[in-house]
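Peer 1:
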Amino acid sequence: MLEPTSERELLSRAHGLAGRTIDELSLTHARTSRAGHKGFVGSLVERALGLVQRGAGPDLPSLGIELKTIPIATDGRPRESTFVCMVPRDGLDHGWSESAPRSKLARVLFVPVERDGQRRVGMAFLWSPSEGDEATLASDWTELAGLLRTHGHEHVSAHHGQLMQVRPKARNAASRWRATGDDDAPMLALPRAFYLRRRFVASILSRTGMAGPRVET
DNA sequence: GGCTGATCATAA
DNA sequence: TTATGATCAGCC
1 MLEPTSEREL LSRAHGLAGR TIDELSLTHA RTSRAGHKGF VGSLVERALG
51 LVQRGAGPDL PSLGIELKTI PIATDGRPRE STFVCMVPRD GLDHGWSESA
101 PRSKLARVLF VPVERDGQRR VGMAFLWSPS EGDEATLASD WTELAGLLRT
151 HGHEHVSAHH GQLMQVRPKA RNAASRWRAT GDDDAPMLAL PRAFYLRRRF
201 VASILSRTGM AGPRVET
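In this text, residue positions in the first sequence follow this note's numbering: the first is 1, and each later residue adds one.
(1) Residue 54: buried (16+ other C-beta within 10 angstroms of its C-beta) or exposed?
(2) Taking the alpha carbon of residue 63 as the point to measure from, which residue in 171, 7, 140, 145 has its own alpha carbon closest?
(3) Where residue 166 and residue 204 are concerned, what is the direct C-alpha to C-alpha distance, given to the nearest angstrom?
(4) Can you check the segment 61-126 for any beta strand (DSSP E) of at least 3 residues that lies completely inside it and give the ranges in chain order?
(5) Of all the options 48, 15, 179, 76, which has the alpha carbon lying nearest to the alpha carbon of residue 29?
(6) Let me know if residue 211 comes out buried or exposed under the rule of 16 or more other beta-carbons within 10 Å of its beta-carbon.
(7) Tell me which residue opens and which closes the alpha helix (DSSP H) that residue 156 is part of.
(8) Could you tell me the distance, in whole angstroms, from the CA atom of residue 91 to the CA atom of residue 141?
(9) With a CB to CB cut of under 7 Å and the five nearest residues on each side skipped, what residues in its chain are close to residue 196?
(10) Please determine if the segment 31-38 and the segment 142-149 are in contact, where contact requires at least 3 C-beta pairs separated by less than 8 Å.
(11) Determine which residues share a DSSP beta bridge with residue 166 and list them.
(12) If we count the other Cβ atoms within 10 Å of its Cβ and call it buried at 16 or more, is residue 39 buried or exposed?
(13) I need the DSSP call for residue 5, collapsed to helix, strand or coil.
(14) Does DSSP put residue 214 in a helix, in a strand, or in coil?
(15) Starting from residue 178 and walking both ways along the alpha helix (DSSP H), at which residues does that stretch end?
(16) So, are the CB atoms of residue 152 and residue 187 less than 8 Å apart?
(17) Have a look at the DSSP bridge pairing and note the partners of residue 21.
(18) Taking residue 189 as part of the beta strand (DSSP E), name the residues at either end of that continuous run.
(19) For the alpha helix (DSSP H) containing residue 133, name the first residue and the last one.
(20) DSSP on residue 128, reduced to helix/strand/coil?
(21) Going straight from the alpha carbon of residue 57 to that of residue 100, what length do you get?
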């Protein structure tokens, strides 16, 4: 299967997966026998959509689209936050518009995965941040990148940021990587990444109205 | 129950 | 070893 060449085709394929169970998709698209590990569903959906799995960059470079599967609880709300990208070694002094998180979030195909006894693909949708989202994300970026530069990676907790946060992303708590600290001094730190807060993902899903029952009054 | 910090598997 | 795909565990 060739990669989709348009958003329309990508979305069409994704909608074709709606209602399919993860077990069903595994029969034809699983690559390993070790089904059920943490990144399994994400990789499985990528292959089911005909995406080539690459090392770095967007999932669909020709369209600049990132694919995210998102686990949904029975009430229609996301169960987890969403990984965006690693905290970059360089580029923390960039503005939001040139930042790594912004390029990852510019265009995203969200694929909900519901749990109703089995895990089942829901109705996918394409998303870009609204103007309001952009403004708040830019503000988060300024705060978080500033903290990472001035306080060092070890002192930035997940409490900062309204829509986006910084959390550890490592093999274990003893992992270290070379980070660039204050005044550009090299230092070792626990690897960290940017994530979208769960409540922000919930608001994205709620705006689409396609991911399950809405809890509004 | 939600959130933060910790962790797991795989490919390149 | 790093990046990508995320979910797990347990404190609050």
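Where a beta carbon is used, it is the ideal one built from N, C-alpha and C, also for glycine.
Peer 2: Judging by the given coordinates:
(1) The residue you call residue 54 lines up with position 54 of the first sequence. Residue 54 is exposed by the Cβ-count criterion.
(2) In the first sequence, counting from the first residue as 1, residue 63 sits at position 63. For residue 63, the nearest C-alpha among the options comes from 7.
(3) Here the question's residue 166 lines up with position 166 in the first sequence. Here the question's residue 204 lines up with position 204 in the first sequence. When rounded, the distance between both Cα atoms is 19 Å.
(4) 66-72, 82-86, 108-115, 119-121
(5) Residue 29 sits at position 29 when you count from the first residue of the first sequence. Taking only the C-alpha atoms, the option nearest residue 29 is 48.
(6) Translated into the one-based positions of the first sequence, residue 211 becomes position 211. Low confidence applies here, because residue 211 scores a pLDDT of 49, under 50, leaving its location unreliable; read the following figure in that light. Buried is the call here.
(7) The sequence position of residue 156 within the first sequence is 156, counting from 1. First-last for residue 156: undefined, no H or E at that position.
(8) Within the first sequence, residue 91 is the residue found at index 91, counting from 1. Within the first sequence, residue 141 is the residue found at index 141, counting from 1. Distance between the alpha carbons of residue 91 and residue 141: 11 Å.
(9) On the first sequence, residue 196 is found 196 positions in, with the first residue counted as 1. Within the same chain, residue 196 has close Cβ partners 81, 82, 84, 163, 164.
(10) no
(11) Position 166 of the first sequence, counted from the start, is the residue given in the question as residue 166. Residue 166 is bridged to 194.
(12) The residue labelled residue 39 in the question sits at position 39 within the first sequence. Residue 39 is exposed by the Cβ-count criterion.
(13) By one-based count along the first sequence, residue 5 stands at place 5. Judged by DSSP in its simplified three-state form, residue 5 adopts coil rather than helix or strand.
(14) Here the question's residue 214 lines up with position 214 in the first sequence. Residue placement at residue 214 is flagged as unreliable, the pLDDT there being 43, under the threshold of 50; the coordinate-derived value follows with that caveat. In the structure shown, residue 214 sits in coil (DSSP, three-state: anything other than H, G, I, E or B).
(15) In the first sequence, counting from the first residue as 1, residue 178 sits at position 178. Premise fails: residue 178 lies in the beta strand (DSSP E), 177-180, not in any alpha helix (DSSP H).
(16) By one-based count along the first sequence, residue 152 stands at place 152. By one-based count along the first sequence, residue 187 stands at place 187. In this structure, residue 152 sits near residue 187, with a CB-CB distance shorter than 8 Å.
(17) By one-based count along the first sequence, residue 21 stands at place 21. DSSP, once it has assigned bridges, lists 120 as partnering residue 21.
(18) Working through the first sequence from its first residue, we reach residue 189 at position 189. Residues 186-189.
(19) Here the question's residue 133 lines up with position 133 in the first sequence. Judged by DSSP secondary structure, residue 133 falls within the alpha helix (DSSP H) whose first and last residues are 131-151.
(20) Start at 1 with the first residue of the first sequence, and residue 128 comes out as number 128. Looking at residue 128 - three-state DSSP - the assignment turns out to be coil, as it is neither helix nor strand.
(21) Counted from its first residue, the first sequence places residue 57 at position 57. Counted from its first residue, the first sequence places residue 100 at position 100. When rounded, the distance between both Cα atoms is 10 Å.
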